[in-house]
Amino acid sequence: MLADRRSRAARRIARSLLAATVLTAISTYKPALAAEPILQTEESDVVTLPAGGPHRVLVEDGVYRHSKDGRVYVVDLDTGRLLGMVQAAYNANVVADPAGKAFYVAETTWERGNRGKRHDILAAYDPRTLEMVADIDLPGRALITPKKPDMAIGADGHYVYVYDSSPTNAVHVYDTALKSVVRTVDVPGCGLIYPWGNAGFSSICGDGSLANVQMDAKGKPTLTRTPPFFVPDRDPVFEHSPDVRANGHVWFISYSGLIYETTLGTQSSVAKPWSIQEAAGLKRASDARAPFEVTWRPGGWQLAALRARDSHLFVLMHKGTFWTHKEAGSELWELDLKTHRLVRRVPLAAPSMMVGVTQDAQSRIMLTDEAGDLVVLDGADGKPVRKIGALGDALIFTAAPGE
Amino acid sequence: MLADRRSRAARRIARSLLAATVLTAISTYKPALAAEPILQTEESDVVTLPAGGPHRVLVEDGVYRHSKDGRVYVVDLDTGRLLGMVQAAYNANVVADPAGKAFYVAETTWERGNRGKRHDILAAYDPRTLEMVADIDLPGRALITPKKPDMAIGADGHYVYVYDSSPTNAVHVYDTALKSVVRTVDVPGCGLIYPWGNAGFSSICGDGSLANVQMDAKGKPTLTRTPPFFVPDRDPVFEHSPDVRANGHVWFISYSGLIYETTLGTQSSVAKPWSIQEAAGLKRASDARAPFEVTWRPGGWQLAALRARDSHLFVLMHKGTFWTHKEAGSELWELDLKTHRLVRRVPLAAPSMMVGVTQDAQSRIMLTDEAGDLVVLDGADGKPVRKIGALGDALIFTAAPGE
Amino acid sequence: MARNGLDTMAERLARYLAGRSSRRSALARLGGWAAAIPAFPLLPVWRRDARAAAPAVPSPFAAKAQVKDDTKCDYWRYCAIDGNLCTTCGGGVHSCPPGTHPSPTSWIGTCFNPQDRRSYLIAYRDCCGQDACNEQNCLGMDGDLPTYRPQANNDIIWCFGTGSLLYNCSTAVIVGTAE
Amino acid sequence: MARNGLDTMAERLARYLAGRSSRRSALARLGGWAAAIPAFPLLPVWRRDARAAAPAVPSPFAAKAQVKDDTKCDYWRYCAIDGNLCTTCGGGVHSCPPGTHPSPTSWIGTCFNPQDRRSYLIAYRDCCGQDACNEQNCLGMDGDLPTYRPQANNDIIWCFGTGSLLYNCSTAVIVGTAE
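Residue numbers (the working numbering), protein chains in the order written: chain P, 130 to 532; chain F, 130 to 532; chain S, 4 to 182; chain Z, 4 to 182.
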């Protein structure tokens, strides 16, 4: 009865033979009498999703408590159903192709889990099969609790940008056609990626200025700088300021609640800021120079979302002092970016660190809560639509089609 | 300001230089005036644990919801404090050296998280620094929601046994001195590992018999079989039946609640079974032939624990039909294995899937609940001692010194 | 003492496809592997002529099972499932969610359908390649035996042959009747 | 346009050790990196003679901070921490749990000690090598700036140079006074 130690290869062969045999056996079996009132035998298969609509979104779960197992969920907001998921390991980021042809996950693994060789990975997925269509190693990536602008995609989906900061600040440029990193652009002293056009992006610099990078047809970058337009020590702008990548429009939101409407390009221009609180008929909020003032302030993680079709901004707001910029929002404020006026204040059933919005006419607002629920509101009036209970552990940002 | 793409190696060098410089700068800085009423500057260090007592235990967290991130916690039951943790990835197992010199984790990773080359790993840890002292690849291991007897260690700590089942049932024998797998013993038709002595173990076979393996001085195995002593289809014995590895004493507990006292060896002997329920003054419980009978039954995951010094057995019990053998226990029954009598029934504040016990005179009982708490009772009377709140996600088994 | 490779393979195959039995008792759900190494098995026996004498509800699970909602733990096919229902994870009762792959091997349970009052052989095929889908998690224990009877155990990660063996969710596929 | 390697290194080093400032306002907690590339920095300035004119409580966090229990979020040193307290994970306020390693680099906050009414530079050194220790999790936001000011950001995984960069918990180490 005792066999000695066998080679692993032999075991492998036996295993695959076995698997093949079983599959064949099962798939050639058909019920003899289909007319009988007996449930038919079935074959196993894999779901391929139909083409998605505007309410099929990606939701990143950072899984802070077990960050090796971050993931991206594909969710149908209309049915409240989880349609599938892919790995997004350790402070990953995800961006979707503007035309919905693919989505991309930048993630990091170590070969032995918490040790061994590190892999910084860019994986591309077919959005209907969730099969990988590319799986390459990046030169590196920044390991930061994921902010959306740590990764970006150009307006035509040709370039994917991945932020790196170890040790120098740089952006890796991945060519989705070539499936490889074609360029690394250093952005010394600057960080984050706000894309514009097909081959340009801007980063925010530590002195409150912008660095604008444009790549030519060969991918060669040219960098320009704007003058500083805010004082980071006093009132920095949030990383999760919403943008429209197609036209390079960004509304930078400051900790105190100022909005800097910005048109990105080689010569980015920044408009005079206006105050969210003033738009709501309140006093402009204090900055770091008067940190004890308690008032309504923006805060959270993905704390703001933009609906481009009517230029409405949704911002999570809470009451607090300065230096509470990561506190969850107890209200959602809807603002008209053209008129600089408050449209609506929506009190939330539970504080939310995240808000997302779909871009269609029947738009949906996405929120979360401490339990990891995905809460869906009607984008027209802020009324509750449904709650997708316990979707994840730490829902940190969303990606909706066409945003 | 623009630098072109740099080589990864150059970045690596810059990074390590940077780290080295900062470390030097910090470690050579000393406060100038120790007498001043100013808090002293500090250096970072790493805790080394003092030698552990009988209440320093290992607790495995399977983290079912994020199984890539299973872990083993080192816990002090007296203070209720977490002392440290090590990775135990994907259906891992852990065993402790009988003399407390090391503990061993068998785990599995894939190089790209959920894909890429698979590594079945045996890692050895220093129990006071939690530093790895070995980290080798195994020929394979069985991927099963972890049961304690999927891994075992000999009485003198020389051999560690790891169960494999892909595709043939086998036990890999790891030599802790050589830090390598020295033998793979096939146990066809059998599974699990119950060690006896320094170089022997038994497995349970699918027909209700035992396979006994003894290795000679060169590690060459000899296998013997016992006759079947139970009918698996009718009333199988639990995998988590408790044992004393030093003398090869196992008390196999069946689904219905029969206890088969067994002395393992090349000629394992099994005593006539007795009934837990009868020991408690109840009727013997039905087996699979009468599955609808509702009565007190054993159940859970690590559903039983043995205190060797007084031969007391602790078994989680619940009221239910047959085929409820993984239901959490609502009571803990303490039985005297010598007299076959019930000592005590302890109603539990919350149902538990797991029970462990320390082996010392002031023994402690460990339970868990749905919230991942570790609940500590006094081993003398079953009274609550403390609750270590939210220790983990899915506490599945414990390892106490000298068990 | 060594056994030849084909025998071993046949034995393994038998385990994966086990559960062949024509007995009408609760034992029907337990595999036939321990009995002997059978001739190279194809698929479970399907005896239509035993239809007339259908068994009574064979288990506590079956007594409470329903046939309408396959996203709930008490759906009849889940009498012996252990894990996340693929029906709540983007898959279906016999379909894996996109981005995962069905295991070609599985363990086999026997579940009673209260609607047609027949017992069916159910292959619990795991869908693999992503870590756990944490929607509806269920634990059915009908006929679940310890891992030393692998063909009837629901704790084994049934992901052999699927690339990575990360477990995402479980399907419950009808592969035959158990009469 | 290229910059030489030493300049770049000095700049990076400056970021990691930033926070040098003698101003007594809330701004003291914000790093000095943006101002200029300083001469090769050693350690934060330590001006004893500024002791007499201690600042008022400089922030909302400081106003509610306590000095007795370093396992709670309101302990004075945690004014800008983000993550799991090592004091609850087997480590201490400046000690990593066994099996993890302190990052040689960190970001720097400035916290006010209500007992001696001084402000100290606190290095939030992450302990790395095991995944998250899920005991007491805290989020202090005093002086926390976005990642484009990395020396003052608490979202970056400060595990450079520790082998794997898996984040386990955070310490709060006094590295100087901020007066």
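Every residue gets a Cβ at the ideal spot worked out from N, C-alpha and C, and that includes glycine.
C-beta atoms of residue i and residue j nearer than 7 Å
{"i": "VAL204/F", "j": "VAL188/F", "result": "yes"}
{"i": "CYS131/Z", "j": "LEU88/Z", "result": "no"}
{"i": "SER398/P", "j": "ASN341/P", "result": "no"}
{"i": "MET144/Z", "j": "TRP452/P", "result": "yes"}
{"i": "ALA135/Z", "j": "SER370/P", "result": "no"}
{"i": "GLY320/P", "j": "ASP293/P", "result": "no"}
{"i": "ASN327/P", "j": "ASP372/P", "result": "no"}
{"i": "ASP77/Z", "j": "LEU142/Z", "result": "no"}
{"i": "GLY377/F", "j": "PHE359/F", "result": "no"}
{"i": "TRP79/Z", "j": "ASN116/Z", "result": "yes"}
{"i": "PHE530/P", "j": "PRO278/P", "result": "With the sequence shown as reference, residue 530/P is identified as Pro, and Phe is not the correct amino acid for it. Not a contact, by the Cβ cut-off of 7 Å."}
{"i": "THR165/S", "j": "SER106/S", "result": "yes"}
{"i": "ALA263/P", "j": "LYS308/P", "result": "yes"}
{"i": "GLY508/F", "j": "VAL486/F", "result": "yes"}
Helix, strand or coil at residue i according to DSSP, with G and I counted as helix
{"i": "THR153/F", "result": "The predicted position of THR153/F is uncertain, since its pLDDT is 32 and thus under 50; a value taken from the coordinates is nonetheless stated next. Reduced to three states, the DSSP call for THR153/F is helix."}
{"i": "GLU189/P", "result": "strand"}
{"i": "ALA79/P", "result": "Chain P is shown only over 130 to 532; residue 79/P falls outside these bounds and no answer can be derived."}
{"i": "GLU481/F", "result": "With the sequence shown as reference, residue 481/F is identified as Ser, and Glu is not the correct amino acid for it. Three-state result, SER481/F: strand."}
{"i": "ARG152/S", "result": "coil"}
{"i": "LYS277/F", "result": "helix"}
{"i": "GLU390/F", "result": "strand"}
{"i": "TRP301/F", "result": "Checking the displayed sequence, the identity of residue 301/F turns out to be His instead of Trp. Three-state result, HIS301/F: strand."}
{"i": "ASP439/P", "result": "helix"}
Close Cβ partners of residue i (< 7 Å) along its chain, the five nearest in sequence each way excluded
{"i": "ALA126/S", "result": "SER109, ILE111, VAL176, VAL178"}
{"i": "GLY102/Z", "result": "GLY132, GLN133"}
{"i": "ASP465/F", "result": "SER440, HIS441, VAL472"}
{"i": "THR90/Z", "result": "ASP73, THR74, VAL96"}
{"i": "SER415/F", "result": "SER385, GLU422, PHE451"}
Contacts around residue i, its chain only, beta-carbon distance under 8 Å, and the 5 residues preceding and following it disregarded
{"i": "HIS71/P", "result": "A query on residue 71/P cannot be resolved here, the shown segment of chain P reaching from 130 to 532 and no further."}
{"i": "ALA490/F", "result": "ARG438"}
{"i": "SER481/F", "result": "GLY429, LEU445, ALA457, GLY458, LEU461, LEU496, THR497, ASP498, VAL504"}
{"i": "VAL224/F", "result": "PHE232, TYR233, MET280, ALA281, ILE282, VAL289, ALA528"}
{"i": "PRO317/F", "result": "THR297, ASN298"}
{"i": "ILE142/F", "result": "Low local confidence applies: a pLDDT of 32 at ILE142/F is under 50, so the model's placement there is unreliable, and no value is given."}
{"i": "ALA419/P", "result": "PHE451"}
{"i": "LEU411/F", "result": "THR424, TRP425"}
With 16 other Cβ atoms within 10 Å as the buried cut-off, status of residue i
{"i": "GLY94/Z", "result": "buried"}
{"i": "ASP439/P", "result": "exposed"}
{"i": "ASP73/S", "result": "buried"}
{"i": "PRO149/Z", "result": "buried"}
{"i": "LEU435/P", "result": "buried"}
{"i": "LEU477/P", "result": "buried"}
{"i": "ARG200/F", "result": "buried"}
{"i": "GLN118/S", "result": "exposed"}
{"i": "PRO356/F", "result": "exposed"}
{"i": "ASP502/P", "result": "buried"}
{"i": "ALA523/F", "result": "buried"}
The ligand NAP heavy atom lying under 6 Å from the CB of residue i
{"i": "ALA523/P", "result": "What this structure holds is no ligand at all, so the ligand NAP is not there to describe."}
Own chain, CB closer than 6 Å to residue i, minus 5 neighbours either side, in chain order
{"i": "ASP226/P", "result": "GLY286"}
{"i": "SER122/Z", "result": "THR113, PHE115, ALA181"}
{"i": "ARG474/P", "result": "GLU460, TRP462"}
{"i": "ASP147/Z", "result": "ALA83, ASN157"}
{"i": "ARG185/F", "result": "ASP205"}
Handout entry: At least 3 beta-carbon pairs within less than 8 Å: the segment 150-170 of chain Z vs the segment 269-281 of chain P
Key = Result yes; three or more Cβ-Cβ pairs closer than 8 Å.
Problem - Contact the segment 373-390 of chain P vs the segment 287-306 of chain P: 3+ CB pairs below 8 Å - result: When Cβ pairs closer than 8 Å are counted between the two stretches, the segment 373-390 of chain P is seen not to touch the segment 287-306 of chain P, the count staying below three.
Practice task
Pair every Cβ in the segment 61-68 of chain Z with every Cβ in the segment 178-187 of chain F, then say whether three or more of these pairs are closer than 8 Å.
Solution key: With the cut-off at 8 Å, the segment 61-68 of chain Z and the segment 178-187 of chain F do not touch.
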